[in-house]
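Student:
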Amino acid sequence: MNAFAACVHGGRAVVVYTPATRRLHADHWPEIRESLTRHVSITAEIEAGTPGSVKSALEASQPDLVVAAGGDGTINLCVRAMNEGDLLAVFPLGTANDLHRSLGKPSGLALRIDRIGVNGQSFCTTGGLGIPSTVAREVNRLRQNRCEWLSRKMGRYIYPLIAANQVLWGGARNQWVEIEWEDVDSSKTRNLRLQTKALFVSNQATFAGSLTVVREAINDDGHFEICVLNTGSRLRDLMITGHIATAAVQRERDCHVLRAVSARIKTAESMPFFGDGEIILTHRRFDLDIVPRGLTVLHLDWLR
Numbered sequence: 078m079n080a081f082a083a084c085v086h087g088g089r090a091v092v093v094y095t096p097a098t099r100r101l102h103a104d105h106w107p108e109i110r111e112s113l114t115r116h117v118s119i120t121a122e123i124e125a126g127t128p129g130s131v132k133s134a135l136e137a138s139q140p141d142l143v144v145a146a147g148g149d150g151t152i153n154l155c156v157r158a159m160n161e162g163d164l165l166a167v168f169p170l171g172t173a174n175d176l177h178r179s180l181g182k183p184s185g186l187a188l189r190i191d192r193i194g195v196n197g198q199s200f201c202t203t204g205g206l207g208i209p210s211t212v213a214r215e216v217n218r219l220r221q222n223r224c225e226w227l228s229r230k231m232g233r234y235i236y237p238l239i240a241a242n243q244v245l246w247g248g249a250r251n252q253w254v255e256i257e258w259e260d261v262d263s264s265k266t267r268n269l270r271l272q273t274k275a276l277f278v279s280n281q282a283t284f285a286g287s288l289t290v291v292r293e294a295i296n297d298d299g300h301f302e303i304c305v306l307n308t309g310s311r312l313r314d315l316m317i318t319g320h321i322a323t324a325a326v327q328r329e330r331d332c333h334v335l336r337a338v339s340a341r342i343k344t345a346e347s348m349p350f351f352g353d354g355e356i357i358l359t360h361r362r363f364d365l366d367i368v369p370r371g372l373t374v375l376h377l378d379w380l381r
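For the sequence shown, the tail end lands on 381 under my numbering, and the numbers increase by one without skipping.
1) Report the option in Val-338, Pro-349 and Ser-184 whose CA atom is closest to the CA atom of Thr-394.
2) With distances taken from CA atoms, which of Asn-196, Phe-351, Thr-373 and Ile-190 is nearest Gly-294?
3) Let's test the definition: count the other Cβ atoms within 10 Å of the Cβ of Gly-204 and tell me whether it reaches 16, buried, or not, exposed.
4) Taking the C-alpha atoms as reference points, what is the distance between Asn-296 and Glu-111?
5) Specify, as a first and last residue, the run of the beta strand (DSSP E) that Thr-344 falls within.
6) Between which two residues does the beta strand (DSSP E) harbouring Pro-169 extend?
7) From Thr-95 to Ala-137, what distance separates their C-alpha atoms?
8) Just to confirm, are Ser-386 and Arg-362 a CB contact at a threshold of 7 Å?
9) Would DSSP call Thr-114 helix, strand or coil?
10) Confirm, please, whether the CB-CB distance from His-300 to Arg-267 is below 7 Å.
11) Kindly give me the distance between the Cβ atoms of Val-195 and Leu-365, rounded to whole angstroms, as I take these residues to be in contact under 8 Å.
12) Distance, Cα to Cα, Arg-89 vs Leu-186?
13) Go through the region 170-200 residue by residue and report every complete run of the alpha helix (DSSP H) that reaches 4 residues or more, in order.
14) Please determine if the region 134-148 and the region 200-214 are in contact, where contact requires at least 3 C-beta pairs separated by less than 8 Å.
15) Quick check: what's the CA-CA separation for Thr-373 versus Asp-353?
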């Protein structure tokens with residue numbers, strides 16, 4: 078019996094997916110389902126819509142395992158719908174597959190990673206405000222209309238291209254941001270106020286497939302990093318975007334990196350906040366906290 082079977086042998090599983098994922102992998106869906114049924118009893122397959130609809134389905138079926146069959150957005154729907162202690166299996170069928178990439182080679186072993194909360198909503202990879210939120214919204218818009226083929230064709234490279242387009246032509250503008258956070262190293266409360274076009278909350282080093290803001294971010298260290306870019310002219314912003322796209326070390330003059338266990342971010346006007354590639358709320362105040370190792374994940378890849 079392999080590690081996966083040892084964890085959930087004979088258990089009941091709910092498979093969560095999006096319509097786009099089902100269309101993209103329609104030819105392989107029987108094989109995907111067969112791989113799962115070797116180890117668990119699939120009690121339901123849920124077409125992901127909102128965390129509320131997923132939560133209702135999970136409460137009705139009471140599964141032993143929730144399988145996120147898709148990308149990071151599908152994982153986010155599951156994470157926001159699951160109760161503490163629920164078991165999540167990651168089946169990477171998305172574009173960026175950030176959590177899948179950060180966990181390394183699939184082993185079938187249960188892993189514990191940090192779970193970040195913002196205004197009561199959860200995410201587990203990367204979140205943020207400004208340009209990154211706009212990029213997340215535009216990528217999802219492409220997937221939902223007739224340009225879905227373009228998103229599939231470009232793969233994870235669509236993220237830096239849309240980011241560059243936003244910098245050059247998207248009308249991104251500076252916003253006043255106030256940050257109060259509990260510093261990891263000193264345990265003191267610190268404050269920062271500045272203008273920026275992009276703010277990231279990182280639980281891991283990479284996002285959007287290969288982009289890097291905070292190289293030292295780790296998803297099981299009990300804290301998160303807030304990275305605020307010192308944006309300015311279009312040329313400067315494009316250079317910073319290039320550093321992110323090529324995983325280059327960010328210069329101190331280009332960004333502030335704050336290591337925190339909790340934080341409160343205030344913006345001058347209401348802004349969308351993205352997490353795990355999805356817009357999860359819109360507000361002017363964002364209260365961030367973390368549950369260390371609060372999410373149990375089975376990292377699996379049965380088809381490869």
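All residues carry an ideal CB built from backbone N, CA and C; glycine is no exception.
Tutor: Judging by the given coordinates:
1) Any property of residue 394 remains undetermined from this structure, which presents the chain solely from 78 to 381.
2) Here the sequence assigns Ala to residue 294, which means Gly is not the residue at that position. Selected option, being the one with the closest Cα: Ile-190.
3) buried
4) 31 Å
5) 332-352
6) 164-169
7) 19 Å
8) Any answer about residue 386 is impossible in this case: the structure gives the chain only from 78 up to 381.
9) The three-state secondary structure of Thr-114, taken from DSSP, is helix.
10) no
11) 5 Å
12) Rounded to whole angstroms, Arg-89 to Leu-186 spans 18 Å at the Cα level.
13) Listed in chain order, the complete alpha helix (DSSP H) runs (minimum 4 residues) inside the region 170-200 are 175-179.
14) no
15) 16 Å
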